Structure formats: C-alpha cells, structure tokens
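Enquirer: What follows is a structure written as structure tokens; I'll ask about it next.
Numbering (this note's numbering), first residue to last: 4 to 601.
Structure representation (structure tokens):
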C-alpha cells in the first residue's frame, strides 16, 4: 500500500516538473525576436477557420522560416490533429500581406508606425525587417497603436503591413507620425495592394484602368502555389468568381479573395542570349546580344525601372562579382563584358523593380583545361547541355623562359600512336585505285595511325569543323595529334589570324590532356592565295615556337623543292579541292620524314 502511495506521489511530482518546464519554454519562445520576412518566398494568404488558427500561423511566420501553405488532411477538411472545427463562411478569417508603401524622408528623424485597428493580429515590417506587432503589444499587456520610435535616415524606406481580419470587415490602414506629431498619426495614402509574387500598377495607371492590376511572371514564380491539397494533387483555380469555388468529387470549398487583391495577369518573359564570337583570345571581352520583348499589357513608364544583372562565377562555382550592367529596357541590347582570368560562368537575369521577370540565362566560359566531349555545336554556337558556351584561349607562355623551344620541339619526338583528322578528301579524279593519305602514312612509318572523321554538316561553319570533333579525340588518349586541318577553313575565307587562334585553342586542349599537338603549314592551293599561305605559315611557326610543339613546314618544303602543287588539283576533266595520288604521296613522305621515321 505504501509502495503504491509513493509511486503515485512520484508521478505527480514528475508531471508538475514537466509542466513547469514546458511553461517556461513557451514563455521564452514567445520572447524571441522574429526573423526577416521573405515576402517573395511565401504567399501569406492561407486557409483560416478560427482566429486561434490564424494566430498560430502568424506566430509561425514570425518565429521561424515561413512555409508555403496551411495543409489540410483531405479536400475541404481540417486535419483531426488540430482539434478545430470548421466555422461558417462569414466568420472565416484571412491572413493577408495587405499593403506596401514607399516613403521618402528629406531629413532624418524619429518615426513611429501603427495600425488603425490595434485589436487585430498585425505586424509591421520596415525595409524587410520586423519592426513591431500584436505579439510585442500582447507581451506588454495592452493594445498599442504605434510602434516605438525608430530613428530613420533620410532617403527612401519600404513599409509592409500584415494583418488578420474577417472577410466582411473593412481593410485596416497603416498610420505614421514623425517626432510624436500629430498624436493620432496620419494615414499613409496612395497605397496599393501588394501581390504575392508580382507587381502592382501605380496609382496613375490604376486610375486609367479603373481597378488595381497585378502582374505575375510565370517563368520565376507560381502565383497560386496550391489553395487545397488532397494527397499529392494540387488544385489551381482556372477562374475567379465571387471568392473562389473549388469542386472535386461533389465536394466544394469556398475560399474568399480580397476584392482589392485580384488574381495576377500571367506574363511570360524570356531572355534570349547569343554571341557573335565562339572563340575568344585570352584578354578579349565577351560580346553578347541580349534580346527580350516588352509585354503590351505593361505600362511603358515601367521601362525605366528595368535592369539587367550579371553574376560572375569561377570554374568552382564561387561568386566573383554581382553587378547591374544595364538600366532601362532595350529590346535588343548589345553587351561587351570584360572577363577576369578566373571566369568560368556568367549568369544574366532581367529584373523589373526588384522582381525577377525571366529565368536567368547562362554563358559558360570554356578554357582548354575544361574542354569536354559534352560540348556540342548547334548551328554556329557551342553549347554545354542547354547553356550557351564560348571558348577562351589561355595566355601564351613567355618566350624568354625557354629560348630553345624551336630546337627541341621535334628532337626525340617519336610517338607510338598518332591520330589525325580525316576530312574525307582523297584522289577523287583518278581511274587507278591508289592508297589513301592515311594508308600511305601508315606504310611509310611504324606509327599506329588513327583517324578522327571530320564530317561536313549543313549549316555549320567550316571554322568550327575541327573544334566540333575535338572532344572525341580526348577519350582516345593518343601520344600525339596531327592537326592537319586548315585547307577548307582558309578556302572558306577565314583569316590566317582567326585560324591560328583556333589552332592555339586546339593545341592547348591537347596539351592539357597530355597529348602532343603537331601543327602543319600548307603550300598554296586552289582557293588559298600565296600571300594567305605565307602569312598563315609564319603565324603557325610562331605559334609552335611559343608553345614548344612540333611544326611540319610543308610551305617551306614546297618552295625548296619547287613542287608543282597546283598540278595535284587538276586533270583533263576538272579541277578538284583534294590532291591526287602524286600530291598525297608527297605529303605523306614529308610528314613521315619530319616525324623522324623511315
């Protein structure tokens, strides 16, 4: 018997102790300072059945990161765990971010803000930070009309009012006073309802339209995240009636919508980005063209509040800079953006006021060490997955560091496996079967020769042919790569400087993959004048000297031997762009000799 009494009193003491700890914890939690309100993240309009539930939701928003919605267990039903009962429609409450105001102070001063209905649950935010509300007023034991005085600097400030009210009640208003005068405060006029994820028209535009209009940008946010859920399904209203009526399987749910807060007009904006350059020098600016259309339903006066922001990231994803690069809307906006050596990715996003109005667009800056087979060519541009990509060369090394590069480039160079680019050009006008250029080179050497086909694709510029297939070379891991390209590129009108920049990038990609690039200079051919061949040969030999890589000088060889190069490309029937058997034999012999193989 005594043992049972002792156990009973022990349980009572334990229960009392736990109750006191919980009460102390609740008191401490209520005194915590609310966190910043991210109004572009959470839409505050929510299901509301009783004032108790709304207060609980308002405290959740103040004391922790806000969620999306009040969840329901099934369609139009309250979760049993809440222990609440549905009320009639007229007594239902609404939690709404009601007003936003921009105020400008010409001089600093002590300002106070308040609401004309202090009996309602409410809160005021100043420049995005919680200022005061019903929670602090409740702790003081009284309904306080004004917030404590706050010293504000001169300039523009943003005020936001959150309040709870019945649907049938009048909208509460925001009041303010400066230096304690007047005692009752003044009402802020000219305020417009604030959409959840959009922009409200200004007062002048509203007067023209006759009612407030809101705009929502579908590319960035979802205006109606979900008024009701059943399982994993979300119900999004298609039209707005007197309130909002959702009907599923014979069950209806009525959700009041504020008449001063209409549904937003959906707008879809898209940024389009292109570049006139596919390959940049190490210290060259990035030329871009940003294109965007202005929706006809938006007021023209908003164009001056449009801006374009650019974010620079390095190859590891670290943010390097975040700047506004242009203000004021332009449908076609040419840009020239400087790049730092660490640039790996650029992100551009358009904003209207402070709201993003389109998905960000990216440009990947591909250095030779980051070139991968995933980079593809579409039309006249490079792409990495669905983002635009621009290639960028590394700086050339200092020639003074290794003055003997030209002497040591070919000394001791005996690769066991060499890949070359197969353009598909052969002796197309000979009636006698003769070996191809690759077969001739294979016969004259002990090198294992591999071929990398270079197809001609409709709509693809000749200047991108080699770069388009360069990614396929990397997984092969040969000892060397013969960059036997350039004839079609020069014949199509590409300047020697541009072609040498392409060779520079291809050579740097090979070096980054531990593949020795081998350059070629070409003699004059049909479509390649003597001056073009000479200038390209000089630039290619300088490039080989700077990089310390082998250069097979066919241009000088044809001068020394007085080779009749033009005879390789014609016969009695027609002229061709590929050398005949005599020319291919000469080319294969010179390349084999240069590679120091018998």
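We put the CB at the ideal spot given by N, CA and C, even for glycine. Model, not experiment: these values are computed from the prediction.
Can you confirm whether the segment 532-549 touches the segment 581-589 when touching is taken to mean that 3 or more C-beta pairs between the two stretches lie within less than 8 angstroms?
Expert: Verdict: no, contact absent.
Enquirer: Pick out whichever of 468, 338, 488 and 278 has its Cα sitting closest to the Cα of residue 392.
Expert: For the purposes of this step, residue 392 is taken as the residue at position 389 of the chain shown. Residue 392 has its Cα closest to that of 278, out of 468, 338, 488 and 278.
Enquirer: DSSP beta-bridge partners for residue 181?
Expert: Walking along the chain shown from the start, residue 181 turns up at place 178. For residue 181, which the question treats as bridged, DSSP gives the partners 114 and 184.
Enquirer: Using only the alpha-carbon positions, how far apart do residue 198 and residue 358 sit?
Expert: Locating residue 198 in the chain shown gives position 195, counting from the first residue. Locating residue 358 in the chain shown gives position 355, counting from the first residue. Note that residue 198 has pLDDT 40, beneath the 50 cutoff, so the model's placement of it is unreliable and the number below is only indicative. Rounded to the nearest angstrom, the two C-alpha atoms are 11 angstroms apart.
Enquirer: Tell me the residue span of the beta strand (DSSP E) that contains residue 309.
Expert: Mapped onto the chain shown, residue 309 falls at position 306. That run of the beta strand (DSSP E) goes 309-317.
Enquirer: Would you identify the three-state DSSP class for residue 278, choosing helix, strand or coil?
Expert: Residue mapping note: residue 278 aligns to position 275 of the chain shown, counting from 1. Coil.
Enquirer: Buried or exposed, going by whether 16 or more other CB atoms sit within 10 Å of the CB of residue 480?
Expert: Translated into positions along the chain shown, residue 480 becomes position 477. Answer is exposed; the Cβ neighbour count stays below 16.
Enquirer: So is residue 282 buried or exposed if we call it buried at 16+ other beta carbons inside 10 Å?
Expert: Residue 282 sits at position 279 when you count from the first residue of the chain shown. With 16 or more Cβ atoms within 10 Å of its Cβ, residue 282 is classed as buried.
Enquirer: What are the residues that DSSP puts in a beta bridge with residue 531?
Expert: Within the chain shown, numbered from 1, the residue matching residue 531 stands at position 528. Answer is 528.
Enquirer: Locate the alpha helix (DSSP H) running through residue 501, then write down its first and last residues.
Expert: As a working mapping, residue 501 is identified with position 498 in the chain shown. Start and end: 499-515.
Enquirer: Does DSSP put residue 472 in a helix, a strand or coil?
Expert: On the chain shown, position 469 is the one that residue 472 refers to. Helix.
Enquirer: Quick one: give me the first and last residue of the beta strand (DSSP E) that residue 132 is part of.
Expert: In the chain shown, counting from the first residue as 1, residue 132 sits at position 129. Element bounds for residue 132: 132-136.
Enquirer: Please return the same chain residues whose Cβ sits closer than 6 angstroms to the Cβ of residue 273, not counting the five positions on each side in sequence.
Expert: The sequence position of residue 273 within the chain shown is 270, counting from 1. Counting only Cβ-Cβ distances below 6 angstroms, and skipping sequence neighbours, we find 361.
Enquirer: Beta-carbon separation of residue 160 and residue 134 under 8 angstroms?
Expert: Within the chain shown, the letter at position 157 stands for residue 160. Within the chain shown, the letter at position 131 stands for residue 134. Going by C-beta atoms, residue 160 is not nearer than 8 angstroms to residue 134.
Enquirer: Helix, strand or coil: how does DSSP classify residue 587 here?
Expert: By 1-based counting over the chain shown, the position of residue 587 is 584. Residue 587 falls in the helix class under three-state DSSP.
Enquirer: Name the DSSP beta bridge partners of residue 326, please?
Expert: Taking the chain shown and counting its residues from 1, the one referred to as residue 326 is at position 323. Note: residue 326 sits in a beta bridge opposite 313.
Enquirer: Taking the C-alpha atoms as reference points, what is the distance between residue 426 and residue 456?
Expert: By one-based count along the chain shown, residue 426 stands at place 423. By one-based count along the chain shown, residue 456 stands at place 453. Going by the C-alpha atoms only, they are around 6 angstroms apart.
Enquirer: Are residue 524 and residue 558 touching if we call contact CB-CB under 8 angstroms?
Expert: For the purposes of this step, residue 524 is taken as the residue at position 521 of the chain shown. For the purposes of this step, residue 558 is taken as the residue at position 555 of the chain shown. Closer than 8 angstroms, so yes.
Enquirer: Under three-state DSSP, which class holds residue 546?
Expert: Here residue 546 corresponds to residue number 543 of the chain shown, with the count starting at 1. The answer is helix: DSSP assigns residue 546 an H, G or I state.
Enquirer: Start and end of the alpha helix (DSSP H) containing residue 518?
Expert: Sequence index remark: in the chain shown, residue 518 carries index 515 (1-based). Note, residue 518: premise wrong, no alpha helix (DSSP H); not H, not E.
Enquirer: Given residue 390, which residues of its chain have a CB within under 6 angstroms of its CB, disregarding the five upstream and five downstream residues?
Expert: By one-based count along the chain shown, residue 390 stands at place 387. Result list for residue 390: 365 and 367, in chain order.
Enquirer: Measure the beta-carbon distance from residue 162 to residue 184 and round it to whole angstroms, keeping in mind my assumption that it falls under 8 angstroms.
Expert: Within the chain shown, the letter at position 159 stands for residue 162. Within the chain shown, the letter at position 181 stands for residue 184. Not confirmed; about 19 angstroms, so no contact.
Enquirer: Taking DSSP's pairing of strands, which residues face residue 160 in a bridge?
Expert: By 1-based counting over the chain shown, the position of residue 160 is 157. In the DSSP output, where bridge partners are listed per residue, residue 160 has 106.
Enquirer: Which one or two residues does DSSP pair with residue 353 in a beta bridge?
Expert: Here residue 353 refers to the residue found at position 350 when the chain shown is read from its first residue. Beta-bridge pairing links residue 353 to 311.
Enquirer: For residue 384, which residues does DSSP report across the bridge?
Expert: Here residue 384 refers to the residue found at position 381 of the chain shown. Paired residues: 381.
Enquirer: Distance check for residue 294 and residue 381, CA to CA, integer angstroms please.
Expert: Your numbering for residue 381 matches position 378 in the chain shown. Your numbering for residue 294 matches position 291 in the chain shown. Answer to the nearest angstrom: the Cα atoms are 19 angstroms apart.
Enquirer: Check whether the Cβ atoms of residue 568 and residue 538 sit closer than 8 angstroms, and answer yes or no.
Expert: For the purposes of this step, residue 568 is taken as residue 565 along the chain shown, with counting starting at 1. For the purposes of this step, residue 538 is taken as residue 535 along the chain shown, with counting starting at 1. No, Cβ-Cβ distance for residue 568 and residue 538 is not below 8 angstroms.
Enquirer: Residues in the same chain with beta-carbon distance under 6 angstroms from residue 115, minus the five sequence neighbours each way, listed in chain order, please.
Expert: In the chain shown, counting from the first residue as 1, residue 115 sits at position 112. Cβ neighbours of residue 115 beyond the five flanking positions: 149, 150, 152 and 180.
Enquirer: Tell me where the alpha helix (DSSP H) around residue 562 begins and ends.
Expert: By 1-based counting over the chain shown, the position of residue 562 is 559. Segment 557-563, the alpha helix (DSSP H) holding residue 562.
Enquirer: Relative to the alpha-carbon of residue 110, which residue among 351, 423 and 158 has its alpha-carbon at the smallest distance?
Expert: Within the chain shown, the letter at position 107 stands for residue 110. When only C-alpha atoms are compared, the closest one is 158.
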